[in-house]
Amino acid sequence: MLRRIEKKYIERIKNVLIVVLFLTAVLLLSFFWQDAVSLRDLTPIIMDEENSYIPEADDLVRPRYILFNYGTDIYTLFAADEPHESGTIYDEVKSIAAEYIGSAYTSEQIEASQYQEVMSYASVVMRFDYNIPLLEYLEQNDIESSIDLSDIPGMTSIGFSSASSENLFFVNRQTNTYYRIVVDDEEKISELSGRISELIAEKESSDYIPYYNMSDITGVENDALMPLYMSSEAVSVSGNREFSIENEEELSRTASGFFSSGLDFVRKITENKGAVLYMYGTSQSLIINEDGSLEYSENVENYPHVSSDFYGSLDTATEYIATHGGWENIYGSGYVPYLKDAHTITNGESTGYHFEFGLEYDGAEVQYTEGELLSADVYGSQVTSYRRDLLILPEKEQNEEENMQEDEQNGDEWYAMAPIDVLTNNYEKICRIVSIGSFEEMTADVSSIRFCCMRDRENDPLKIRPAWRIIMSDGHQLWFDAESGRLLHHKPAEVN
Amino acid sequence: MSRRKALIALAVIFCLVFSSVPAFAATSLAKDPYITVVSPTKNAVMKTGSVLVSVKMTAPRTIRMSFYEETKSARRLIKTEKFSSSRSLSYYTRQLTGLDPGVYCVNISTLNSAGRAIYASEIYVKVQKRTSDSVKVDVFNSQNSSSSFWATLLKKLLG
């Protein structure tokens, strides 16, 4: 009897145990499923890879500006995307250049003085901020050459002049070399001459901002170009940091995209100054800073003699950016990205490219007082360094855009303080900063004066504002509020 | 014969002296020592229909810029405006566009507190019809260029 009762209890205990085990199994499985869901959440960067927008190389590789010299000491700068007929002004200038290249008879290196003399007449120059391998540029733009142009390795400018319409000119500012390619077909020369004259006359009769040599405005010898005035639609805008180190989940999500094996074997260190450092051995490291910027680097893999072409490397960089932060935040903020700098880099026997991207906002170049906005080092198919420091701006809503269109129609642009007034109002301060004695000496020492949207990384990092940026011949940079002309920031030349 | 030469020489001197008379005759006021007309320069020739006026002021001043078209019979006012600055250094700048070929005069007058001109400067400029389309320069036929061409050709031939 006692044994039967005992057996009964044992059976009950067994049943309870089975139920407990079942419930435990369900609980564990639910944890597992939950983990699986979070794992999916952790990899959106990789998941979005295929759907992420990647800009075309041609959208990024475009001239910083197209300089029109009207031949009488009056100049103007047009943005590459300035509308012209059914396309852009860049399309038109490129099309004229393609006609020259397709009909070329010969090419030769010329003297700087010859180039300068010819271009002092009515002429057009499209100027890039970096050196582009010429043959790659031609291939990328489907431009066929009638002659071998391998003697011209790279170029930073392409130009033509109405006073010498049988020639197309290439300049390489890095090597200070000048080339011309010559067309000898009289009919073609006449046709090209007509197109050039027509283009210049059309732009001259349009509404443009006149630029003069500084000497014509100030009376002080200086051939740097200065606008007489500046109208703009750019306004001050406040934004947010792109990455936050306070949100653990977001931080892990961002970091996991950089380490292919996930974060299991990655050391995470929170630094006293607020940055979070992720390290995978000594080969990969990622720093996400408190200010919302990130810096990633990894060792160059030991491929023997890796060397890359310009456009192939650029594609690698743009694809990498698409999967590591993406381009959406950039376009979504109203920025227009472009390639700002490109130069070759070496590591041992490997050669790669350093690419730096710039942004335009409301037609003005975004300039940081410190650091790069977006850059990548590329060796072959490997990105070894990546920096990203963006201010995310509020999306322009439909209504706002409509209002802006109305404003445009009403001609509601504002005028910045004229650059000559910025100089005269501030010359005593500038003279003190750059240790120069007089207004005349200071004016002679200005190498560039440009309108931009400035981000003061030190004093006001969550805002971009319209500003004048003046660069002195020793590299000293000064920023002034575009409306009031007040000095906002200055920094001495960077010493490499 | 020598009399004829003397007459021609006299005529030339007469022309030289009196051709510049309008520039002085148009204003009897002295130049302001604190005002410098940077642009346009005296007797400049403009090849497009625009003129840049840039005036440097090295003392607080009120100035009036007047821009006239000069014809044989009269002077026609095209634009006039006042500009005041209380700073010890400032510039007045203006671009005048859409000008027809002809002779123009820029008058910069310094005004006193009653608005009367006390100093004045005048600069004459000539606006020409645009001819740059037909301007051709040939800087590549120099010795330097041809040697460069042959050097390039030789380099190509010899690899």
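Chains U and L are the protein sequences, given in the same order. If you're matching positions, the first sequence starts at 1 in the working numbering and goes up one per residue. If you're matching positions, the second sequence starts at 1001 in the working numbering and goes up one per residue. Where is the CB? At the ideal position from N, CA and C, for every residue including glycine.
{"query": "Contacting residues, own chain, Cβ-Cβ under 6 Å from U:D474 (five flanking each side not counted)", "result": "A493"}
{"query": "Under 9 Å from the C-beta of U:P210: neighbouring residues of chain L", "result": "S1050, L1052, Q1095, T1097"}
{"query": "U:Y427: contacting residues in chain L (beta-carbon distance under 8 Å)", "result": "L1089"}
{"query": "Which residues DSSP lists as bridging U:F355, in chain order", "result": "U:A342, U:A376"}
{"query": "C-alpha gap between U:Q114 and U:Y105, whole angstroms", "result": "19 Å"}
{"query": "Chain L contact for U:T254 (CB, 8 Å cutoff)", "result": "no"}
{"query": "U:S215, DSSP secondary structure in three states", "result": "helix"}
{"query": "Interface residues of chain U facing L:T1036 [CB-CB closer than 8 Å]", "result": "G219"}
{"query": "Cα-Cα separation, L:E1069 to U:G371", "result": "53 Å"}
{"query": "Touch test, the stretch 227-240 of chain U against the stretch 358-366 of chain U, Cβ-Cβ under 8 Å, three pairs minimum", "result": "yes"}
{"query": "Beta-carbon proximity check, L:V1037 vs L:I1108, cutoff 8 Å", "result": "yes"}
{"query": "Rounded C-alpha distance that separates U:M214 from U:E108", "result": "33 Å"}
{"query": "is_contact[L:F1140, chain U] using C-beta, thresh 8 Å", "result": "yes"}
{"query": "Spatial distance of U:I287 from U:K188 (CA atoms)", "result": "57 Å"}
{"query": "U:N240 vs U:I13 beta-carbon contact at 8 Å", "result": "no"}
{"query": "Cα-Cα separation between U:D421 and U:A275, rounded to whole angstroms", "result": "42 Å"}
{"query": "Helix, strand or coil at L:V1038 [DSSP, three-state]", "result": "strand"}
{"query": "Residue range of the unbroken beta strand (DSSP E) whose run includes U:T156", "result": "154-161"}
{"query": "Distance, L:D1032 Cα to U:M126 Cα", "result": "43 Å"}
{"query": "U:M119, DSSP secondary structure in three states", "result": "helix"}
{"query": "Residue span of the alpha helix (DSSP H) that contains U:Q140, given as start and end", "result": "134-140"}
{"query": "Residue-level contact to chain U via CB, L:V1135, 8 Å cutoff", "result": "yes"}
{"query": "Test: L:M1065 CB closer than 8 Å to a CB of chain U", "result": "no"}
{"query": "Simplified DSSP assignment, three categories, for U:E271", "result": "coil"}
{"query": "For U:I196, three-class secondary structure by DSSP", "result": "helix"}
{"query": "Chain L within 8 Å of U:G159, Cβ atoms only", "result": "no"}
{"query": "Euclidean distance between Cα positions of U:A444 and U:N222", "result": "5 Å"}
{"query": "Inter-residue spacing [alpha-carbon to alpha-carbon] between U:L228 and L:K1056", "result": "14 Å"}
{"query": "Unbroken alpha helix (DSSP H) run spanning U:A416, endpoints", "result": "Taken as a continuous stretch (DSSP letters only), U:A416 belongs to no alpha helix (DSSP H), as it is neither H nor E."}
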